[in-house]
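The structure under discussion appears below in the form of structure tokens.
Number of protein chains: 2
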Amino acid sequence: MDCVVFGLDDEGLKVLLIQRGLAPFEGKWALPGGFVRVNETLDEAARRELEEETGLRKVFLEQLYTFGAVDRDPRERVVSVAYYALVNLSEHHVHAATDARDAAWFGVHDAPTLAFDHADILQMALERLRGKLRYQPIGFELLPKKFTLSQLQHLYELVLERELDKRNFRRRILEADVIEETENYRTGQVGPRAMLYRYRPDAVAEVT
Amino acid sequence: MDCVVFGLDDEGLKVLLIQRGLAPFEGKWALPGGFVRVNETLDEAARRELEEETGLRKVFLEQLYTFGAVDRDPRERVVSVAYYALVNLSEHHVHAATDARDAAWFGVHDAPTLAFDHADILQMALERLRGKLRYQPIGFELLPKKFTLSQLQHLYELVLERELDKRNFRRRILEADVIEETENYRTGQVGPRAMLYRYRPDAVAEVT
DNA sequence: CCAAAAGTGTTCTCCATACACCCATGC
DNA sequence: GCATGGGTGTATGGAGAACACTTTTGG
């Protein structure tokens, strides 16, 4: 099981990578992953791995694809069920390494050469994320609990890799009825105060 | 590995099922499936299984999802990568059983109680097929090489489970530029002759 | 001759897009 | 006072949905 963990900071969209301490690919960066235990489901394994690596429990997590090329692991035949996750880097300070291994966040387009077929997995995860974003509101998981519409739009632009029109974006998101106003404003920046919004957890049912 | 094989005949949309000869679920119907060999990819395993069961080689085949509930197989822990396939029942006469086991085609909504979690797998395959059909032309694989627009529309209506407007359907499909006229007509039925169309294999690139 | 199916255009609505200005705040 | 970013409305074009009649052919 391997997991593509996406996070967002002020530099952009990031992915969590682990530097391997053992052969094969010793010293190379790889996606966090591990073996599914005999008494846990695939989802549970992914969630456990994610918690071990980031300390986070409640995150968006979804199965991506299962990779089964014969030689993807040079040691022996290993099939990997890949997941992808969206985590909130801004509030919890994610300790990116629980164990001795080095772990770090890389820009999704600045990742080093990855071990195994993990570049393919990362690529597919990015495409899936883009695809989902197009037709259903997702990705609030990457933002703080309260966020401005500009932050949300910025996230969309990062993932879709194109600029969006501010007025159209705001109208579409608000009409979709998946976020609601809070009574707070973001302040401190130059410029007017920005209304903070919150994801409506009960809205999931309406969308799907 | 398990495989949901869809076929189309004049009764409707069918799925291929195998009656199990061995415990567990002896005598129950199940999806065709088998174990992935150590020197074949997942796709190859699915294709091999499909050929063993139906004798067909060139079919649409796509990975669906990986099922990993702990108790899905009562004997021991088994994770299954599910695929779905679209085959053409009308031209090749598919021998639905290569080996001793009973095999038969069932209407997708008339299937008996299935072994393991295969009902879930079938359900998800149906939803995936519906989802794909909505936004990209697919499903020609279920029809004869040459087909009329009415046949194609009938297929869409079966999968989507709703009626479609004839004029809108024809316009959309023709504008999508994925099928082309042949020089033949279907005749023999009551009523005027119907132009036969063919799928444009080179059109795949344009769509995806 | 009648039932069945093929083929064909236009209108309307709605959604997506394009586009520009004013105002509040921090420095 | 100025740079930064928040917030707002309208006009246009394109896609999808609704809708009915004529013609051909087999029985």
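Protein sequences, first through last, are from chains A and B.
Position one of the first sequence corresponds to residue 1 (the working numbering), numbered consecutively onward.
Position one of the second sequence corresponds to residue 1001 (the working numbering), numbered consecutively onward.
Backbone N, C-alpha and C fix where the C-beta goes; we use that ideal spot for every residue, glycine too.
Exposure of Tyr-1135/B, with buried meaning 16 or more beta-carbon neighbours within 10 Å: For the purposes of this step, residue 1135/B is identified with residue 135 of the second sequence, where counting begins at 1. Exposed, because fewer than 16 other Cβ atoms sit within 10 Å of the Cβ of Tyr-1135/B.
Candidates Phe-1025/B, Asp-1010/B, Leu-1017/B, Leu-1008/B: closest to Phe-1116/B by CA position: As a position in the second sequence, residue 1116/B is number 116, starting the count at 1. Of the residues Phe-1025/B, Asp-1010/B, Leu-1017/B, Leu-1008/B, the one whose Cα lies closest to the Cα of Phe-1116/B is Phe-1025/B.
Proximity below 7 angstroms, CB of Glu-141/A to CB of Phe-35/A: On the first sequence, residue 141/A is found 141 positions in, with the first residue counted as 1. On the first sequence, residue 35/A is found 35 positions in, with the first residue counted as 1. No, they are not a contact pair.
Which listed residue (Arg-37/A, Gly-27/A, Leu-160/A, Leu-31/A) has its alpha carbon closest to that of Arg-128/A: Against the first sequence, residue 128/A aligns to sequence position 128. The shortest Cα separation from Arg-128/A among Arg-37/A, Gly-27/A, Leu-160/A, Leu-31/A belongs to Leu-160/A.
Neighbour list for Leu-1042/B in chain A, Cβ cutoff strictly below 9 angstroms: One-based indexing of the second sequence puts residue 1042/B at position 42. Going along chain A in sequence order, the residues near Leu-1042/B (Cβ under 9 angstroms) are Thr-66, Phe-67, Gly-68, Ala-69, Val-79.
Nonlocal neighbours in the same chain, by C-beta distance under 7 angstroms from Arg-130/A, ignoring five residues either side: Numbered from its first residue, the first sequence carries residue 130/A at position 130. Result list for Arg-130/A: Val-159, Leu-160, in chain order.
Completely contained beta strand (DSSP E) runs for the region 83 to 134 of chain A, where each covers 3 or more residues: 103 to 107
Residue burial classification, Ala-100/A (beta-carbon count within 10 angstroms, cutoff 16): Here residue 100/A refers to the residue found at position 100 when the first sequence is read from its first residue. Legend: pLDDT at Ala-100/A = 47, less than 50; position of this residue unreliable, value from coordinates given subsequently. Label assigned to Ala-100/A: exposed.
Partners in chain A for Trp-1063/B, counting only beta-carbon separations shorter than 7 angstroms: As a first step, residue 1063/B is located in the second sequence; it is residue number 63 there, counting from the start. Note on residue identity: the sequence assigns Gln, not Trp, to residue 1063/B. Those are Tyr-65, Thr-66, listed as they occur along chain A.
Coil, strand or helix - Asp-1009/B by DSSP: Here residue 1009/B refers to the residue found at position 9 of the second sequence. It is a strand residue.
Thr-1215/B, DSSP secondary structure in three states: Nothing about residue 1215/B can be reported from this structure: the residues present for chain B run from 1001 to 1208 only.
Pairwise C-alpha distance: Gly-1188/B and Val-4/A: Sequence index remark: in the first sequence, residue 4/A carries index 4 (1-based). Sequence index remark: in the second sequence, residue 1188/B carries index 188 (1-based). Each residue's alpha carbon lies about 57 angstroms from the other.
8 angstroms contact criterion, which Ser-1090/B and Pro-1144/B should meet: CB distance rounded: By 1-based counting over the second sequence, the position of residue 1090/B is 90. By 1-based counting over the second sequence, the position of residue 1144/B is 144. About 5 angstroms separates the two Cβ atoms, so the contact holds.
Listed by chain order, chain A residues near Asn-1039/B by CB distance under 9 angstroms: Walking along the second sequence from the start, residue 1039/B turns up at place 39. Per Cβ cutoff of 9 angstroms: Val-70, Arg-77.
Chain-ordered chain B contacts of Val-36/A [CB-CB under 8 angstroms]: Along the first sequence, read from residue 1 onward, the residue named residue 36/A stands at position 36. Neighbours of Val-36/A on chain B, chain order: Gly-1068, Val-1079.
Pro-1032/B, buried or exposed, once every other Cβ within 10 Å from all chains shown has been counted against 16: The sequence position of residue 1032/B within the second sequence is 32, counting from 1. Looking at its Cβ environment, which holds 16 or more other Cβ atoms inside 10 Å, Pro-1032/B is buried.
DSSP-derived helix/strand/coil call for Val-159/A: Here residue 159/A refers to the residue found at position 159 of the first sequence. Correct three-state label for Val-159/A: helix.
Continuous beta strand (DSSP E) assignments of at least 3 residues falling wholly in the region 1145 to 1199 of chain B: 1146 to 1148, 1179 to 1186, 1194 to 1199
Burial state of Gln-123/A, where buried means 16 or more other Cβ atoms lie within 10 Å: Here the question's residue 123/A lines up with position 123 in the first sequence. Exposed, since its Cβ has fewer than 16 Cβ neighbours within 10 Å.
8 angstroms contact criterion, which Phe-1147/B and Tyr-1084/B should meet: CB distance rounded: Here residue 1147/B refers to the residue found at position 147 of the second sequence. Here residue 1084/B refers to the residue found at position 84 of the second sequence. That pair is no contact at about 21 angstroms.
Check whether Glu-1181/B and Arg-1200/B have beta carbons under 7 angstroms apart: Walking along the second sequence from the start, residue 1181/B turns up at place 181. Walking along the second sequence from the start, residue 1200/B turns up at place 200. No, these two residues do not count as a Cβ contact at 7 angstroms.
Contact check, Ala-1045/B vs Leu-1064/B, beta carbons under 7 angstroms: Stepping through the second sequence from its first residue, residue 1045/B is reached at position 45. Stepping through the second sequence from its first residue, residue 1064/B is reached at position 64. No.
For Leu-50/A, the three-state DSSP class (helix, strand or coil): Taking the first sequence and counting its residues from 1, one reaches residue 50/A at position 50. Correct three-state label for Leu-50/A: helix.
Leu-1064/B in three-state terms, based on DSSP: Position 64 of the second sequence, counting from 1, holds the residue named residue 1064/B. Leu-1064/B falls in the strand class under three-state DSSP.
Exposure label - Leu-17/A; buried when at least 16 CB within 10 Å: The residue you call residue 17/A lines up with position 17 of the first sequence. Per the 10 Å Cβ criterion, buried.
Length of the line joining the Cα atoms of Ala-1030/B and Gly-139/A: Indexing the second sequence from 1 puts residue 1030/B at position 30. Indexing the first sequence from 1 puts residue 139/A at position 139. The alpha-carbon atoms of Ala-1030/B and Gly-139/A are separated by roughly 38 angstroms.
Backbone CA spacing between Asp-1202/B and Asp-1010/B [nearest angstrom]: Within the second sequence, the letter at position 202 stands for residue 1202/B. Within the second sequence, the letter at position 10 stands for residue 1010/B. Whole-angstrom Cα-Cα distance: 29 angstroms.
CA nearest to the CA of Met-1001/B, picked from Val-1038/B, Leu-1008/B, Leu-1174/B: Working through the second sequence from its first residue, we reach residue 1001/B at position 1. Of Val-1038/B, Leu-1008/B, Leu-1174/B, the smallest CA-CA separation from Met-1001/B is found for Val-1038/B.
Of the residues Leu-1050/B, Gly-1107/B, Lys-1028/B, the one placed nearest Leu-1013/B, counting alpha carbons only: As a position in the second sequence, residue 1013/B is number 13, starting the count at 1. It is Gly-1107/B whose Cα lies nearest to the Cα of Leu-1013/B.
Given Glu-52/A as reference, the closest of Ala-103/A, Arg-170/A, Arg-77/A once Cα atoms are compared: Sequence index remark: in the first sequence, residue 52/A carries index 52 (1-based). When only C-alpha atoms are compared, the closest one is Ala-103/A.
Cβ separation of Leu-149/A and Arg-172/A, assumed to be a contact under 8 angstroms, to the nearest whole Å: As a first step, residue 149/A is located in the first sequence; it is residue number 149 there, counting from the start. As a first step, residue 172/A is located in the first sequence; it is residue number 172 there, counting from the start. Wrong, their Cβ atoms sit about 11 angstroms apart, outside the cutoff.
Three-state secondary structure (DSSP) of Asp-1202/B: In the second sequence, the residue the question calls residue 1202/B occupies position 202. Helix.
Reference Asp-73/A, options Arg-1193/B, Lys-1028/B, Thr-1041/B, closest by Cα: As a position in the first sequence, residue 73/A is number 73, starting the count at 1. Ranking the options by Cα distance to Asp-73/A, first place goes to Thr-1041/B.
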